[in-house]
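The numbering of the sequence shown is UniProt numbering, which starts it at 1 and goes up by one.
One structure is given below, encoded as structure tokens.
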Amino acid sequence: MGYTDVRRQDVVAAMAEYDRKGREAFLAEYGYDKARLYVLVHDGKRYDSKAIVGVAHKYRNGTALRHDQLIGGRATVGRHLVALGFRVDGMGAPAGGARSGPEDDAEPSGARPTSAERAGWSTEEFLARLITLDRRRAEQSGKRQALALLWAIGRWHGRATRWHAEEDFCRGVGDVLRDYDGDPGPEAVKDLFWHLEGTGVWRVDATAAGTGPVAGFDDRCHELLSSVQVRTRAINALRGRHLDDITETEELLASLGLADYARAGGRPRPRTGPARRRRRSGDVVARRRSVADHVIALHDHTCQFCGTRLLTGVGFYSECAHIRGVGAPHHGPDDLGNALCLCPNCHARFDRFGIYVDADGVVRQVHDNAVLGELRHHPEHEVDEEHIRYHRELCRITPE
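Following this line, the structure appears as structure tokens:
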């Protein structure tokens with residue numbers, strides 16, 4: 001057993017012990033000198049890298065390593081810490097771009113932002129992190145990281161729960177991974193709890209009083225996620241960039257309590273109350289059309305995006321699309337200004353964040369901005385530009 005057995009959670013535990021005892025007492029107890037070249041930096045604090053790794057071994061295998069068992073700097077302890085997702089001052093990228101093993105794939109020092117840096121993050125910087133996740137980890141873990149973060153967003157949305165105990169995380173995320181990632185096993189799930197810190201959006205608190213380690217979104221990321229628009233964009237970034245091999249993403253979101261975020265129009269509302277009365281001449285009910293009937297009648301089943309007028313065996317067919325979802329979480333109104341007449345194809349793409357209307361009324365594809373047409377208008381149908389802008393914001397998966 002050697003330093004390469006040390007896991008991220010072991011390092012975090014050693015840093016917590018270092019904080020409790022203080023630098024001088026910690027180094028004296030374990031017989032280490034102060035670091036000269038390679039300093040571990042975590043959440044704005046600086047640690048002696050060799051001492052931390054040596055003591056971290058105790059949390060993995062029961063015995064701390066002596067200083068003479070850790071020979072070398074960058075080639076041993078420093079590289080291992082970087083491979084675990086930590087920042088080590090004094091280290092750069094491997095010289096000459098040579099690669100001798102998986103640890104050489106680690107990003108250079110400073111790639112993971114400090115707490116102070118994250119405090120000033122914009123929405124776009126946060127989303128950029130979700131798109132890239134932690135590139136130091138194996139490619140397959142990108143999918144696992146995305147599933148775990150979606151689980152955390154679902155817990156926050158449903159219960160306003162920000163912090164997750166390790167046991168709860170492993171149980172909840174483990175269930176998700178068994179359904180959507182072939183059950184990688186309990187150790188892989190436990191590693192996720194700790195290694196998600198490498199994404200820059202996740203924080204592990206190993207010193208939580210009386211509860212054991214807890215983890216959740218970093219302070220600034222948690223603040224940003226309180227916005228429905230940011231939350232929707234975050235969900236779209238994770239599912240669009242890391243979960244494209246999952247065919248039933250709407251089913252996945254529903255299982256996580258995020259069904260309302262699967263489509264721009266929200267979940268279809270169940271019909272309540274008595275069925276609509278058959279229309280008769282002069283009937284008040286007949287004169288009070290639904291929004292869907294009204295917008296479709298105004299446009300005579302002609303799609304406002306592509307101009308298609310779909311003829312079926314029983315007549316023409318089109319659909320009413322709400323621009324801003326009615327009800328939670330988007331709380332759009334059920335009125336003409338928030339409705340469009342679309343063909344089934346354009347409706348499906350618009351509702352699933354595939355196409356949007358730009359500020360000039362041009363209909364574009366999300367992923368390449370290709371022009372599909374222009375929004376068609378009717379003199380009796382004034383589309384609310386604020387709802388168009390709201391939908392457009394939800395479709396911005398790639399930060400500008």
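We treat Cβ as the ideally placed atom computed from N, Cα and C, and that holds for glycine.
Apply the 10 Å Cβ neighbour rule to residue 65 and answer buried if 16 or more other Cβ atoms are within range, or exposed otherwise.
buried
State the DSSP-derived secondary structure class of residue 20, mapped to helix, strand or coil.
helix
Of all the options 202, 164 and 391, which has the alpha carbon lying nearest to the alpha carbon of residue 263?
391
Per DSSP, which one or two residues make a beta bridge with residue 322?
339
Since residue 266 and residue 327 are thought to touch, with beta carbons under 8 Å apart, how far apart are those beta carbons, to the nearest angstrom?
6 Å
Please name the residue or residues paired with residue 215 in a DSSP beta bridge.
164 and 204
For the beta strand (DSSP E) that contains residue 243, what are its first and last residues?
Element bounds for residue 243: n/a, residue is neither H nor E.
Rounded Cβ spacing between residue 204 and residue 215 (contact assumed at less than 8 Å):
4 Å
Member of 237, 291, 146 and 148 whose CA lies at the smallest distance from the CA of residue 393
237
For residue 260 and residue 173, the rounded distance between their alpha carbons:
20 Å
Environment of residue 37 [buried if 16+ CB atoms lie within 10 Å]
exposed
If you draw a straight line from the C-alpha of residue 199 to the C-alpha of residue 319, how long is it?
41 Å
CB-CB length for residue 330 against residue 228, believed under 8 Å
6 Å
What is the DSSP secondary structure of residue 34, counted as helix, strand or coil?
coil
Between residue 299 and the rest of its own chain, which residues show a CB-CB distance below 8 Å, the 5 nearest in sequence each way excluded?
318, 341, 376, 378 and 381
According to DSSP, is residue 377 part of a helix, a strand, or is it coil?
coil
Alpha helix (DSSP H) containing residue 47: first to last residue?
Here residue 47 belongs to no alpha helix (DSSP H); instead the beta strand (DSSP E) covers 45 to 48.
Verify whether the separation of the beta carbon atoms of residue 179 and residue 122 is less than 9 Å.
no
Would you kindly check if the distance between the Cβ of residue 359 and the Cβ of residue 389 is under 9 Å?
yes
Below 9 Å between beta carbons: does that hold for residue 3 and residue 54?
yes
Residue environment, residue 357, which counts as buried when at least 16 other CB atoms sit within 10 Å
buried
Length at least 3, wholly inside the stretch 341 to 372: the beta strand (DSSP E) runs in chain order:
355 to 357 and 362 to 365
Might you give, ordered along the chain, the residues of its own chain that have their beta carbon closer than 6 Å to the beta carbon of residue 56, omitting 5 neighbours on each side?
6, 10, 11 and 14
Checking 9 Å against the spacing of the C-beta atoms, do residue 253 and residue 147 come in under that value?
no
Exposed or buried, which one is residue 304 when buried takes at least 16 other CB atoms within 10 Å?
buried
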